[in-house]
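J.: Below is the structure I would like to discuss, written out as structure tokens.
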Amino acid sequence: MEAVSRTAQWTAAARALETDREDRLFADPYARTVAGTTGFELLDRYAGAGTVPFLAIRTTYLDRAIERAVRERGLRQVVFLAAGMDTRYYRLTWPDGVTLYELDRPALLEAKAAMLAGEPEPAGRTRRTVAVDLREDWVGSLKEAGWRAEVPTLWVVEGLLFFLPEDAVRALIATLWQHSAPSSVLLGDVISEAALRNPLSRPFMKALEEDGNPWLFGTEKPEQLLRSCGWTVQEVRQPGEQGADFGRWPYPVPPRETPRVPRSFLFTATRDEITS
Numbered sequence: 002m003e004a005v006s007r008t009a010q011w012t013a014a015a016r017a018l019e020t021d022r023e024d025r026l027f028a029d030p031y032a033r034t035v036a037g038t039t040g041f042e043l044l045d046r047y048a049g050a051g052t053v054p055f056l057a058i059r060t061t062y063l064d065r066a067i068e069r070a071v072r073e074r075g076l077r078q079v080v081f082l083a084a085g086m087d088t089r090y091y092r093l094t095w096p097d098g099v100t101l102y103e104l105d106r107p108a109l110l111e112a113k114a115a116m117l118a119g120e121p122e123p124a125g126r127t128r129r130t131v132a133v134d135l136r137e138d139w140v141g142s143l144k145e146a147g148w149r150a151e152v153p154t155l156w157v158v159e160g161l162l163f164f165l166p167e168d169a170v171r172a173l174i175a176t177l178w179q180h181s182a183p184s185s186v187l188l189g190d191v192i193s194e195a196a197l198r199n200p201l202s203r204p205f206m207k208a209l210e211e212d213g214n215p216w217l218f219g220t221e222k223p224e225q226l227l228r229s230c231g232w233t234v235q236e237v238r239q240p241g242e243q244g245a246d247f248g249r250w251p252y253p254v255p256p257r258e259t260p261r262v263p264r265s266f267l268f269t270a271t272r273d274e275i276t277s
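Everything in the sequence shown is counted per the numbering used here, starting at 2 for the first residue and increasing by one.
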């Protein structure tokens, strides 16, 4: 797999550690399989303050937001962009008739399929993998796989945006809005620009760059980013805040107006009506 794709195994290793806890927030019995030895090696290499608890919080926040969006809005199209080693198709409770589309690079999808080849297919749901490069035109490939633009969609952009330059981030978020029917939902995460620049982050950022996975984008104003691309912001949460703590975040959360603080943001946004 490409270097950037191996980080998906890193996050899978973190899910495996959470699953091993007696007080686990979620159970991912597939995480250790898709993490492989590479995932745990990277977990050691990228170890830093808050890495493992953040990944547990991010997974939990998105798990619950996904299930809530599907339940409350009746969504039956779910698209994971840069799906990586995500296993929600197997481990979450999905309503009958839902179709999940997993977009990622061909080599990663092939490797993941081989790792999970022995797992039985859950009933009542469909998964379609779409081999794409998100830097190129991917909408056509998604449509060819059966996705319909006129049907509301749940989009999930987990662990993706900080790998892209700012123009690509804005283009992607705007493209999702342009191709979303009313009642569509966008879930994801983004980091602050200060997280890229903070001296305490340098060893982590250097390791990512050496491994060919540099983080390129952050913003202090995720709400403004989402709104500028057309989305209606429902919530933005930092780990440790109400709704994004789950008893895992061990650090205080400085007020948003405090400058130069490394932050991570988890967000929920919607497209509730078509405007001219």
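Glycine is no exception: its CB is placed at the ideal position from the N, C-alpha and C atoms. All of these numbers come straight from a predicted model, not from anything done at the bench.
(1) Could you tell me which of LEU155, ARG77, LEU76 and ALA124 sits nearest to VAL92, measuring between CA atoms?
(2) Just the C-alpha distance for THR127 and LEU101, rounded to the nearest angstrom, thanks.
(3) State yes or no: is the C-beta of GLY85 within less than 8 Å of the C-beta of THR12?
(4) Based on the DSSP output, what are the partners of ARG238 in its beta bridges?
(5) Going straight from the alpha carbon of ALA208 to that of ALA83, what length do you get?
(6) Going by the beta-carbon positions, is the gap between ILE192 and GLY213 smaller than 8 Å?
(7) With distances taken between CB atoms, is the gap from ARG59 to GLU159 smaller than 8 Å?
(8) The alpha helix (DSSP H) spanning ARG228 covers which residue range?
(9) Is the beta carbon of PRO183 closer than 8 Å to that of ARG74?
(10) Look at the Cβ atom of ALA1, then the Cβ atom of ARG171, and state whether they are nearer than 8 Å.
(11) With H, G and I counted as helix, E and B as strand and the rest as coil, what does DSSP make of THR8?
(12) Nearest by alpha-carbon distance to VAL80: which of SER202, LEU43 and TRP139 is it?
(13) With DSSP as the reference, label GLN179 as helix, strand or coil.
(14) Under a Cβ-count criterion, where at least 16 other Cβ atoms within 10 Å of its own Cβ denotes burial, should GLN225 be classed as buried or exposed?
(15) Please classify SER193: does DSSP put it in a helix, a strand, or coil?
(16) Taking 8 Å as the threshold, find out whether the segment 36-53 comes into contact with the segment 12-24 through three or more Cβ pairs.
(17) Let's test the definition: count the other Cβ atoms within 10 Å of the Cβ of ARG16 and tell me whether it reaches 16, buried, or not, exposed.
(18) Along the chain, where does the beta strand (DSSP E) that runs through VAL158 open and close?
T.: Inspection of the coordinates gives the following:
(1) It is Arg, not Val, that sits at residue 92 in the sequence shown. It is ALA124 whose Cα lies nearest to the Cα of ARG92.
(2) 6 Å
(3) yes
(4) LEU267
(5) Using only the alpha carbons, I get a separation of about 21 Å.
(6) No; because the gap between Cβ atoms is not below 8 Å, this pair is not in contact.
(7) Yes, they are a contact pair.
(8) 223-229
(9) no
(10) What is shown of the chain runs 2 to 277, which leaves residue 1 out entirely.
(11) helix
(12) TRP139
(13) Helix.
(14) Label assigned to GLN225: exposed.
(15) coil
(16) yes
(17) buried
(18) Going by DSSP, VAL158 is part of the beta strand (DSSP E) stretching over 155-158.
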